[in-house]
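Everything below concerns the one structure shown next.
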Amino acid sequence: MSTRLAYVVFDAARPRSVAHFWAQLLGWSVTLDRPDEADVSAPGPAGVTPALIFLPTTQVKHGKNRIHLDVASRSLDHQQFLADRACTLGANPVDIGQGSVPWLVLADPEGNEFCVLEPREEYVDTGSLAAIVVDTCDPARLAAFWSAASGWPVLRNERRVTGLRAPTGLGVWLEFVYTPEPKCGRNRLRLDLVPALPCDPHAEMARLHAAGATSIEPIGDPTAQALADPETNEFCLLAPTIDGARAVTPAGRSGAPN
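Below, the structure is given as structure tokens:
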């Protein structure tokens, strides 16, 4: 199967500003910088870690995001350094009810929550981004869907957390963490899949539907197929390309509908 998890997409009031925040915090590169779209990519081989895509929206953020990023650290001093740097760049510490935990919870300049983790053995080789984390009421079930959708195998299966990683064993983790609160409204962050050619788009849609996805109303990009996973988290199957890279149109892509 050639379909891969390619992007984490943020709806943003100021896409370029938030993109530059994340690029500076992670040490990644801004690879596209336009008013209608900003892209941020990890160093190293393309396709190892999903890129971050920032698209414009006029929708106001409500409540805690169901998808967030976890930033890796090498030591407790490095963890504090990263948190301090994030605040210098425009982040703020936030209380989402986490209580006394070893990780630090912050929000980026548009209020998107993220964590700066204490050093953990499982993240020593991920690079600066440790994990993409999805809240779910059933970690094993949702992870099974995303494993089928993306081709990433399940490598960690605990009672409250199920983790996937690319078949190469490189790059970021995709983690599903138990959260009792149900999804409410459209997600501000989503995951996008890209198939490589040769690909039969109709067969790929049928495969995703068989795995548990449902089709939904379009999300901005007219060339993308909009779907929802078994817990109604929105995602897109983008148009296939020769190398699995995303095709950038002159008009860019729209985020949330105005």
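Note that the UniProt record's numbering numbers the sequence shown so that position 167 is 167, with each residue one more than the last.
We put the CB at the ideal spot given by N, CA and C, even for glycine.
Rank the options by C-alpha distance to the C-alpha of residue i and give the top, closest one.
i	options	result
Cys184	Arg66, Trp152, Asp221, Gln225	Arg66
Phe10	Pro45, Ser215, Thr58, Val48	Thr58
Phe176	Ser215, Asp36, Arg160, Pro167	Arg160
Asp36	Ala12, His20, Pro50, Pro43	Ala12
Ser41	Ile132, Ser215, Leu52	Leu52
Leu208	Leu193, Val105, Ser73, Gly90	Leu193
Leu25	Phe54, Phe81, Gly44, Glu118	Phe81
Leu55	Arg34, Gly44, Asp229, Thr49	Arg34
Pro230	Asp135, Ile219, Val18, Asn157	Asp135
Arg74	Pro139, Arg120, His202, Cys236	Arg120
Gln225	Pro201, Glu113, Gly169	Pro201
Val8	Leu129, Gln98, Tyr178, Ala72	Leu129
Ile96	Leu106, Leu69, Thr88, Pro102	Leu106
Leu170	Glu122, Ser147, Lys64, Tyr178	Glu122
Ser2	Pro102, Gly151, Pro43, Gly63	Gly151
Ala213	Thr179, Thr223, Leu189, Ser147	Ser147
Asp221	Arg186, Pro182, Cys236	Cys236
Val124	Arg85, Val172, Ala91, Thr88	Val172
Lys64	Thr31, Ala206, Leu238, Gln98	Gln98
Going by the CB atoms, is the gap between residue j and residue i shorter than 8 Å?
i	j	result
Leu164	Leu155	yes
Pro240	Cys199	yes
Arg4	Gly47	yes
Ala83	Val116	yes
Ser29	Ala38	no
Ile132	Leu174	yes
Leu227	Ser215	yes
Lys61	Glu113	no
Ile219	Glu234	yes
Ala140	Thr126	no
Pro43	Ala6	no
Phe21	Asp77	no
Pro93	Glu118	no
Pro180	Cys137	yes
Lys145	Ala210	Before going further, note that residue 145 is Phe rather than Lys in the sequence given. Not in contact: Phe145 and Ala210 (Cβ atoms no closer than 8 Å).
With DSSP as the reference, identify every bridge partner of residue i, one or two as the case may be.
i	result
Gly163	Arg156, Glu175
Val134	Ile67, Phe176
Val194	Arg4
Leu189	Phe10
Leu129	Val71
Q) Going along the chain, which unbroken runs of the beta strand (DSSP E) with 3 or more residues stay wholly within the segment 211–239? A) If only uninterrupted beta strand (DSSP E) runs of at least 3 residues are considered, those enclosed by the segment 211–239 are 225–228, 234–237.
Q: Only counting runs of 4 or more residues, tell me where the alpha helix (DSSP H) segments fall wholly within the UniProt domain "VOC" (4–119), in order along the chain.
A: Complete alpha helix (DSSP H) runs here, min 4: 15–26, 76–89.
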